[in-house]
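Reviewing the structure listed below.
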Amino acid sequence: MTPPVPRRRAPWVLAATTALAVLVGGLTLTTAGSPAEAATVGAGSYTTDPVGPLPSGCGALSTNPRQFATANAPAGPVPTNDWWSSLLWKKTNCSYSEPLHAHPVSYQPFSDGLGFSAPSTATVTGTSTGVGEFKYTYTEDIRVGVAALGAPVVKVDDWTDWTVTPYWSDGARTLRATIGHGLPFAYFQASGGDAQINPTGGAATVWSHSGGTIGFTVRGHDYVGYAPTGASWTVNNGRITSSLAGKGYFSIALLPPTADATARATLASSYGRYAHAHVTGTRVDYTYDPATSAVNTTYSFTTTAREGTATQTVVSLYPHQWKSLAGSTPLTQTYPSARGRMKVLTGVASFRTTMKFHGVLPEVPAVATGSGTDLAQLKEQLAAVRGNPMDQRGGDTYWTGKGLGRASRIAEIADQVGDTETRNAALNAIRSTLTDWFTATPGKTAKVFYYDRNWGTLIGYPASYGSDQELNDHHFHYGYFVAAAATLAKFDPTWATQSQYGGMVDLLIRDANNYQRSDTRFPYLRDFDIYAGHDWAAGHGSFNAGNNQESSSEGMNFANALIQWGQATGNTAVRDAGVFIYTTQAAAIQEYWFDVDNENYPEAFGHSTVGMVWGDGGAYATWFSAEPEMIQGINMLPVTGGHLYLGYRPAYNKANYAELVRNNGGEPTVWQDIHWQFLALGDPDAALAKLRANPGYTPEEGESRAHTFHWVRNLAALGQVDTTVTASHPLAAVFSRNGARTYVASNITAAPLTVRFSDGTNLTVAAGKTATTGAYTWSGGNAAGGTNPSPTPTTSPTPSPTGPSPTPTSPTPPPTTPPAGSPTRFLLPGGGLGAAGSATTTTVAGTGGANHDGTPSNPVVFTATRLNLTYAGGQTGFDLFLDAGQSVGNGVQARVSYDLTGDGSFDRVETYRYFATDPVPGYEHYTQNAGLHSATGTLGNLSGGTVKVEVWSAIGVNPSTLGIGNQSVVKLPYS
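All you need for the working numbering is the position in the sequence shown, starting with 1, plus 11.
Structural data, given as structure tokens:
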């Protein structure tokens, strides 16, 4: 296919595209008028004056998005990014709309009424090894309206969570229809003439005609018209009409296909009980219960009885819904659709699904890279990105987001393995970038967010891929921002408070998927199609194939970001919205992007995945490339600890990779890292072998070698995601390798946490740490840094139903007392350096606001004298136990000085880079890995010599605590 508006360019045209975007933006801003007005949100701000291109369409839509809404339409911001958006946001059809794929029926408004299409067979084009697609194309069967109706434009009279109500008027006649996802009925109100059903797809064969009910078939599809009591239908010259007995309402239903005339008649009668209980409202409600990890979602229908007393209706469910249905029994009949078989429920006012949330992680734990050559390799890779952790490829919201995502992965990994310098470099890049974007100073026209009151949207400039003029992809772009903010919030919670920049993060969340109905600044769940169970990427959806989305994984990046941000800031409403979207969409992705059960794609399609889901089908294609690596990889990236859903069906990962190799004619040659990481969730040993065999690969634009190695190597130790066990905490997961389980949980709070798993395993996690069970001892801990030995899990007396219970590990033993004359020296009370004593603490005074980087100020000093030791080569080592409590912005520095002969003159002075502590209570470990700030002189043998250690605050107003006695230690390079 040749899309009219690509939303993501190929990497090789990125530079040119970005340059053009900046130029166009500059021209627009030059003529925009006065400097932008800033509205503050805590310490952040956004502009309320336009700074760039705005949403556009037919007529005056830029300034009046309600141009095609009636006065009856709901107040507040207009919804976008929906299955019916082209009806309200008229972009290419200025009078009516493009086809509206509701399922099981597709509709299209015209001047004289509403067209119905019920395609039951897909059209497949392309090949099974190259670009191809399947489509249930809009092919009209009937058109329903009012006799002589000729409306010049069709407007929107109402909308609810998954229904829309188009409205026709030509001054003499009116028609009002309500249609929706999953509704086999369309409900009508008419005035000014007879109701009319015009078979446009061929002659209608009438098979039932009694009073106000008429059953007929067009193009093999069975429909029933239901007129009010006392009315009748007339068939004349192929057209079916009714005066409606002057009552002005009727409904049309599509029946499930059946070759049995008796079954068809029974269905017509069954549906008829609810034909005049018109659906006038739909609503979703969800709950997340951490204790059981259950996500319960209720889909409710409000009906208005035009006659009779029925208050229930008939609905059809998508595969992701009926596979998780609770407490209801569908009919055996089903509807074909672009999403697979839809199952029917009759006589319901609501239905409920129950799904299990299987958890997310800030990052997979470093269980296999804690020591040896793998650790050395990982630390080399981290050091290589320390100077440019974002590696940003463009200045717009999407490519800034990609850079933020890369830096977030680096920060999480570096923290796990104790590389605080790289961690802090990544966090600093995130902080400065987000703070810049979240600050709208007067006259600022780039790296700024603009709120449009008319549209109820927040647009970041420079925009890209239609995120401004079409409101495309906001969840894609902003998901990276929110996820990076969540990582930063764990280390710098003050930055994330509402009084600082947390309010700006919340605005981005609300714009893409507002989680509060009462908030009228943004539409409710803009990008998330509640009934379809997944996001839509296009703002207007103005395509014959309906709306579309390719990168489902970037949509999941947004959902995961909500979970992480909500957990980091204590906002359970945001967390629960993220869990609802994540769990529902994970199920939808398995069905519609991956078809893991091989049930939903037409057999002739020949692919095991699609790059894009459309309203009328799916395509093995992307907007930007025909390469198999990108077609398949766009639904895998970014790979994060929030993308474990990609491993729920491990066998599928191997099948997907096998298709890639088949279609590509060999192993991937671009985006290899993305595919290896995806394969690692299904066959980690194979993925690791491929990674080790290809050290010269080019990382994907948002990836780093450090993250790919960390991910693949650790999954090779952990195994596959185990979905048979759930946890009582959202930041937890279970892995299984060769029948042995590893339980993982991340605690980003300031207090210890016990996570309970559904098989009876309990895991206690220290404040600010990530913990595992099993035979692993590893470094790191989110939000605290330093070492984190594996805790001792507790298990219930009941054994695990599958696999052995985890093997408890012993806690790390206390340090041993060094022998006399040992080069290992503990920092002691009273200022000595010697053998270990009792654990205690001392205070490192704050700076009072000054900067003492590199120069001791009011230091805590520890000294050893009369030392006789032989220089063994190498460098000084140390491990200082530091805790800044909840203080923000502290940085402690150390200097080690050597007087080789005890003459009072220091021959070697080593000043180390300061260590930025986090604001989470609990010790962190400042080591020599921070690197040298400066050094003078040379080392040699100690002959009656002196060693002095000075510890002081380089930055930070508040004091820090230094653990001494048997805790902080210096290791002298002597034998």
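Yeah, the Cβ is synthetic: ideal placement off N, Cα and C, and Gly gets one too.
For His618, tell me which candidate among Val585, Asn667 and Arg748 has the shortest Cα-Cα distance. Checked all of Val585, Asn667 and Arg748; the closest Cα to His618 is Asn667.
Which residues DSSP lists as bridging Arg250, in chain order: According to DSSP, Arg250 bridges with Asn247.
According to DSSP, is Val590 part of a helix, a strand, or is it coil? In this structure, Val590 counts as helix in the three-state DSSP scheme.
Less than 8 angstroms between the C-beta atoms of Pro400 and Ile421, yes or no? Yes, Cβ-Cβ distance for Pro400 and Ile421 is below 8 angstroms.
Where Val980 falls: helix, strand or coil (DSSP): DSSP, read as helix, strand or coil, puts Val980 in strand.
My output table needs one value for Ser636: the three-state DSSP class, helix, strand or coil. Of the three classes helix, strand and coil, the one that applies to Ser636 here is coil, per DSSP.
Looking only at its own chain, which residues have a Cβ that is under 6 angstroms from the Cβ of Gly358, when we skip the five neighbours before and after it? Non-local beta-carbon contacts of Gly358 in its own chain, meaning distances under 6 angstroms to residues more than five positions away in sequence, involve Gln323 in chain order.
Over the uninterrupted beta strand (DSSP E) stretch that includes Phe199, give me the two end residues. Per DSSP, the unbroken beta strand (DSSP E) holding Phe199 starts and ends at Phe196 to Ser202.
Where does Val899 fall in DSSP's three states? Val899 sits in coil when the DSSP states are folded into three classes, being neither helix nor strand.
Beta-carbon spacing of Asn611, Pro330 below 8 angstroms: Closer than 8 angstroms, so yes.
Roughly how many angstroms lie between the CA atoms of Gln3 and Gln344, to the nearest whole one? Absent from the structure is residue 3, since the part of the chain shown begins at 12 and ends at 986.
With distance defined between alpha-carbon atoms, name the residue in Ser253, Thr772, Thr150 and Ala691 nearest to Ala158. Selected option, being the one with the closest Cα: Ser253.
Leaving out five residues on either side along the sequence, give the residues of the same chain with a beta carbon under 8 angstroms from the beta carbon of Gln731. For Gln731, the CB contacts under 8 angstroms within the same chain, skipping 5 residues up- and downstream, are Gly658, Pro661, Leu692, Gly693, Pro695, Phe746, Ser747 and Arg748 in chain order.
So for Glu961, helix, strand or coil by DSSP? In the structure shown, Glu961 sits in a strand (DSSP, three-state: E or B).
Whether Thr881 touches Tyr754 by CB criterion (8 angstroms): Taking 8 angstroms as the cut-off, the Cβ atoms of Thr881 and Tyr754 do not count as close.
Report the start-end ranges of each beta strand (DSSP E) in the stretch 227-287 that is 3 residues or longer and not cut off at the edges. The DSSP assignment places 232-237, 245-247, 250-253 and 260-265 as complete runs of the beta strand (DSSP E) inside the stretch 227-287, in order along the chain (cut-off: 3 residues).
Roughly how far, in whole angstroms, is the beta-carbon of Ala437 from the beta-carbon of Lys367, given that I think they are within contact range, below 8 angstroms? Not a contact, Cβ separation roughly 33 angstroms.
Three-state class that DSSP yields for Met401 in the structure shown: Reduced to three states, the DSSP call for Met401 is coil.
Coarse secondary structure for Lys501, derived from DSSP in three states: Lys501: helix per DSSP, three-state reduction.
Any contact between the stretch 524-539 and the stretch 71-82? By contact I mean 3 or more CB pairs, one from each, below 8 angstroms. The stretch 524-539 is not in contact with the stretch 71-82.
Classify Ala756 as helix, strand or coil using the three-state DSSP reduction. Strand at Ala756.
Which of the three DSSP states, helix, strand or coil, is assigned to Val516? For Val516, the secondary structure class from DSSP, reduced to helix, strand or coil, is helix.
Entirely enclosed beta strand (DSSP E) segments - the stretch 336-395, minimum 3 residues: Here the runs fully enclosed are 353-359 and 361-367.
So, for Ala496: in the same chain, excluding its five sequence neighbours on each side, which residues have a beta-carbon less than 7 angstroms away from its beta-carbon? The beta carbon of Ala496 is closer than 7 angstroms to those of Leu445, Ala507, Val516 and Trp576 in its chain, skipping five residues each way along the sequence.
Chain-order list of residues whose beta-carbon lies under 7 angstroms from that of Asp684 (same chain, five-residue window excluded): Taking Asp684 as the centre and dropping the five residues before and after it, the same chain places the C-beta of Tyr708, Pro710, Glu711, Glu714 and Thr719 closer than 7 angstroms to its C-beta, in chain order.
Sorted by chain position, which residues of the same chain lie with C-beta nearer than 7 angstroms to Ala941's C-beta, five sequence neighbours on each side aside? Shown here for Ala941: same chain residues with a beta carbon closer than 7 angstroms to its own, the five before and five after excluded, namely Thr431, Glu432, Tyr923, Arg924 and Phe926 in chain order.
For Asp546, the three-state DSSP class (helix, strand or coil): Asp546: strand per DSSP, three-state reduction.
Other residues of its chain near Gly161: CB distance less than 7 angstroms, five sequence neighbours each side excluded: Closer than 7 angstroms at Cβ, skipping near neighbours: Ser122, Asp123 and Asp181.
For Trp95 and Thr938, what's the separation of their Cα atoms in angstroms? Annotation: Trp95 to Thr938 spans about 58 angstroms, alpha carbon to alpha carbon.
By Cβ distance below 6 angstroms, which residues in the same chain neighbour Ile600 in space, the five residues on each side in sequence not counted? Closer than 6 angstroms at Cβ, skipping near neighbours: Ser563.
Endpoints, the alpha helix (DSSP H) within which Thr719 is located: That run of the alpha helix (DSSP H) goes Arg716 to Leu729.
Cutting at 6 angstroms between CB atoms, please list the residues of its own chain near Val981, excluding the five before and the five after it. Within the same chain, Arg836, Phe889 and Val960 come within 6 angstroms of Val981 by CB-CB distance, once the 5 residues on both sides are set aside.
By Cβ distance below 8 angstroms, which residues in the same chain neighbour Phe768 in space, the five residues on each side in sequence not counted? Apart from sequence neighbours up to five positions away, the residues of its chain that approach Phe768 with a beta-carbon distance below 8 angstroms are Val736, Thr737, Ala738, Ser739, Ala743, Val745, Tyr754 and Leu774, ordered along the chain.
For Gly859, does the count of other Cβ atoms within 10 angstroms reach 16, so buried, or fall short, so exposed? Within 10 angstroms of the beta-carbon of Gly859 lie fewer than 16 other beta-carbons, which makes it exposed.
Helix, strand or coil, according to DSSP, for Thr29 in the structure here? Note on Thr29: pLDDT 30, under 50, position unreliable in the model; the coordinate value appears next. The three-state secondary structure of Thr29, taken from DSSP, is helix.
Residue nearest to Gly257 in terms of C-alpha spacing, selected from Val855, His485 and Gly204: The candidate whose alpha carbon is nearest that of Gly257 is Gly204.
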